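**Student:** Reading the sequence shown from the start, the letters are residues -19 to -1, 1 to 331 in mature numbering (1 follows the signal peptide of the UniProt record, and there is no 0).
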Amino acid sequence: MISKTVLILAIYFAHSVFGESVTLSQGVVKGFQAKSRSSKDYHGFKGIPYGKFEKRFDISKPAGNWSGVFDATLDYEGCLDIGLLGAPSGVEDCLKLDVYTPNHSASAKMPVLVWIYGGPLGFLNAGVASARGNQGLKDQVLGLKWIQENIENFGGNKDRVTIFGESAGAISVALHVASPMAKGLFHSAIAQSGTAVQTFISVYWGRGVDQAVKLAQANNCPTSNKEYMVECLQHLDPKILGKSSLKMDDFGFLADSGFTTPSIETYSDGADDPNVYLAENPLDVFKAGRNFETCPWSNWEPISGENFYESKYFEIGDSLDVKKLPAEWKELDEFWDSLKLKEMGGKWTS
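1. Is the Cβ-Cβ distance between Leu125 and Val93 less than 8 angstroms?
2. What does a CB cutoff of less than 7 angstroms around Gly71 pick up in its chain, not counting 5 residues either side in sequence?
3. Any chance the segment 196 to 212 sits against the segment 76 to 83, with 3 or more Cβ pairs inside 8 angstroms?
4. By how many angstroms is the C-alpha of Thr176 removed from the C-alpha of Phe267?
5. Closest to Asp218 by C-alpha separation, out of Pro69, Asp56, Phe51, would be which residue?
6. Out of Asn106, Asn262, Phe38, point me to the one whose CA is closest to His157's CA.
7. Note the first and the last residue of the continuous beta strand (DSSP E) segment covering Asn138.
8. Can you name the start and end residues of the beta strand (DSSP E) that residue 339 belongs to?
9. For my contact list, Arg113 and Glu246 are in at a C-beta cut-off of 8 angstroms; report their separation, rounded to the angstrom.
10. From Ser226 to Val178, what distance separates their C-alpha atoms?
11. Answer with buried or exposed for Trp47, where buried requires no fewer than 16 other C-beta atoms within 10 angstroms of its C-beta.
12. So is Lys27 buried or exposed if we call it buried at 16+ other beta carbons inside 10 Å?
13. In chain order, which continuous runs of the alpha helix (DSSP H) of length 4 or greater are located wholly inside the segment 166 to 201?
14. Looking at C-alpha atoms only, which residue of Ala89, Leu259, Gly136, Gly103 is the closest neighbour of Phe34?
15. What is the residue span of the alpha helix (DSSP H) that Gln116 lies within?
16. From Ile132 to Lys139, what does the alpha carbon distance come to, in whole angstroms?
17. Got a sec? Which residues, its chain only, sit under 8 angstroms from Val9 by beta carbon, not counting five neighbours each side?
18. Pull up the DSSP beta-bridge partners for Ile29, would you.
19. To which residues does DSSP link Gln215 through a beta bridge?
20. Taking the C-alpha atoms as reference points, what is the distance between Ser149 and Ser88?
21. When burial is assigned at 16 or more other CB atoms within 10 Å of the CB, is Pro255 buried or exposed?
22. Are Thr241 and Gln192 close, meaning C-beta to C-beta below 8 angstroms?
23. Can the beta-carbon of Asn106 be found closer than 8 angstroms to that of Gly32?
24. When you compare each of Gly223, Leu196, Ala155 to Pro283 by their alpha carbons, which one comes out closest?
25. For residue 334, write down the residues that DSSP places opposite it in a beta bridge.
26. Starting from Lys164, trace the beta strand (DSSP E) both ways and give me its first and last residue.
27. If you draw a straight line from the C-alpha of Leu214 to the C-alpha of Gly223, how long is it?
28. How is Asp265 classed by DSSP in three states: helix, strand or coil?
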């Protein structure tokens, strides 16, 4: 249950025309050339490995080298995820990036956009070394490090990296701003329909271990010894574990952020442990201005926003009477309005 980071410089797919090769520190990677919907040529490279892990819930490490030429022209199965209707799909071994660029000459020095997609899996915090929490966010940091080391080979500028995401992806973006682990790896941020301090996430900040215990109980795993608890969860079928990680309502709709959300880490190997992603509530970090002296937000204005009818889909799942939906939606709109200033850091513009 590991989150994937995807680098996107051009987002429209087309048929392959001919291959292009780029030499990385890991080896040679072969991509393809295609045309966008606006008939502009671009180069694409799919599924480049950037990380690996030994066991479920481990902290990922850089992917190794390969011999020969890595074929980055093929589609591949994405990360394990659970759809809004509860259907599982994808695989766990998915630490890969896609790179799309209009020019892969190293001299191009183009700005880089890194898309972080949404998804609730990859954050189990049992308070022990084998499951410290925030694994998916650490995977994303590893991907950002890969970009710093390799993106210039594709014509990108490692000093002009913007991370952006939507929903859970936007929460990840905002958390990277708060985490010291992500310092210097990006230079601007766009969060669409999500923040690091929104209510349904922040209620779990100090309850990571409690949530892990609930997940273990839901899967009949022991809870008195946390290492044994993690070992039991590691041996479960990934799709069964993934589905049980989310809270579903009576209709099968996703109704809550579930048992495995980002959380404050309680396990560390010392005060300067480099593997701690988040040691305190991000709201406290923002209020105190910590990390901002080297944070990109001190030089660039971040972009954060919402859409009309945010969370209406979840409200449908929470309602037992469809006839009541219009009234409940009105109540929900009023509720969101009361939270906007609080969750957007006290400032609201339109």
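We put the beta carbon where it would ideally sit given N, CA and C, even for glycine.
Just so it is clear, the structure is predicted and the values come from calculations on it, not from any experiment.
**Tutor:** According to the structure shown:
1. As a position in the sequence shown, residue 125 is number 144, starting the count at 1. As a position in the sequence shown, residue 93 is number 112, starting the count at 1. The answer is no: Cβ separation not under 8 angstroms.
2. On the sequence shown, position 90 is the one that residue 71 refers to. Short of 7 angstroms from the beta carbon of Gly71, and not among the five residues preceding or following it, lie these beta carbons of its own chain, in chain order: Glu58, Gly59, Cys60, Leu61, Asp62.
3. no
4. One-based indexing of the sequence shown puts residue 267 at position 286. One-based indexing of the sequence shown puts residue 176 at position 195. Their Cα atoms are separated by approximately 12 angstroms.
5. Stepping through the sequence shown from its first residue, residue 218 is reached at position 237. The candidate whose alpha carbon is nearest that of Asp218 is Pro69.
6. Translated into positions along the sequence shown, residue 157 becomes position 176. Measuring from the Cα of His157, the nearest candidate turns out to be Asn262.
7. As a first step, residue 138 must be located in the sequence shown, where it is residue number 157. Asn138 -> beta strand (DSSP E) spans 137 to 147.
8. Residue 339 is absent from the model: the chain starts at -19 and stops at 331.
9. Your numbering for residue 113 matches position 132 in the sequence shown. Your numbering for residue 246 matches position 265 in the sequence shown. The Cβ separation is near 6 angstroms, so the contact holds.
10. Translated into positions along the sequence shown, residue 226 becomes position 245. Translated into positions along the sequence shown, residue 178 becomes position 197. Using only the alpha carbons, I get a separation of about 21 angstroms.
11. As a position in the sequence shown, residue 47 is number 66, starting the count at 1. Counting Cβ neighbours within 10 Å, Trp47 comes out exposed, since fewer than 16 surround it.
12. Residue 27 sits at position 46 when you count from the first residue of the sequence shown. Buried: at least 16 other Cβ atoms inside 10 Å.
13. Note on the segment 166 to 201: whole alpha helix (DSSP H) runs with a minimum of 4 residues are 180 to 183, 189 to 199, in chain order.
14. Residue 34 sits at position 53 when you count from the first residue of the sequence shown. The shortest C-alpha separation from Phe34 is found at Gly103.
15. Sequence index remark: in the sequence shown, residue 116 carries index 135 (1-based). Looking at the DSSP string, the run of the alpha helix (DSSP H) that includes Gln116 is 116 to 131.
16. The sequence position of residue 132 within the sequence shown is 151, counting from 1. The sequence position of residue 139 within the sequence shown is 158, counting from 1. Ile132 and Lys139: Cα-Cα distance of roughly 6 angstroms.
17. Reading the sequence shown from its first residue, position 28 is the one you call residue 9. Once the five neighbours on either side are set aside, the close Cβ partners of Val9 are Ser2, Val3, Gly49, Val50, Phe51.
18. Taking the sequence shown and counting its residues from 1, one reaches residue 29 at position 48. BP columns for Ile29 point to Leu78.
19. The residue you call residue 215 lines up with position 234 of the sequence shown. Looking at the DSSP assignment, Gln215 forms no beta bridge with any residue, so it has no partner.
20. Counting from 1 along the sequence shown, the entry for residue 149 is found at position 168. Counting from 1 along the sequence shown, the entry for residue 88 is found at position 107. The question names Ser, but residue 149 is Ala in the sequence shown. The alpha-carbon atoms of Ala149 and Ser88 are separated by roughly 35 angstroms.
21. If you number the sequence shown from 1, residue 255 lands on position 274. Label assigned to Pro255: exposed.
22. Sequence index remark: in the sequence shown, residue 241 carries index 260 (1-based). Sequence index remark: in the sequence shown, residue 192 carries index 211 (1-based). Contact flag set, yes.
23. Walking along the sequence shown from the start, residue 106 turns up at place 125. Walking along the sequence shown from the start, residue 32 turns up at place 51. Result no, Cβ atoms of Asn106 and Gly32 do not sit closer than 8 angstroms.
24. Here residue 283 refers to the residue found at position 302 of the sequence shown. Selected option, being the one with the closest Cα: Ala155.
25. An answer regarding residue 334 cannot be provided, because it is not within the stretch -19 to 331 covered by the chain.
26. Along the sequence shown, one-based indexing puts residue 164 at 183. First-last for Lys164: undefined, no H or E at that position.
27. Numbered from its first residue, the sequence shown carries residue 214 at position 233. Numbered from its first residue, the sequence shown carries residue 223 at position 242. When rounded, the distance between both Cα atoms is 11 angstroms.
28. Taking the sequence shown and counting its residues from 1, the one referred to as residue 265 is at position 284. In this structure, Asp265 counts as helix in the three-state DSSP scheme.
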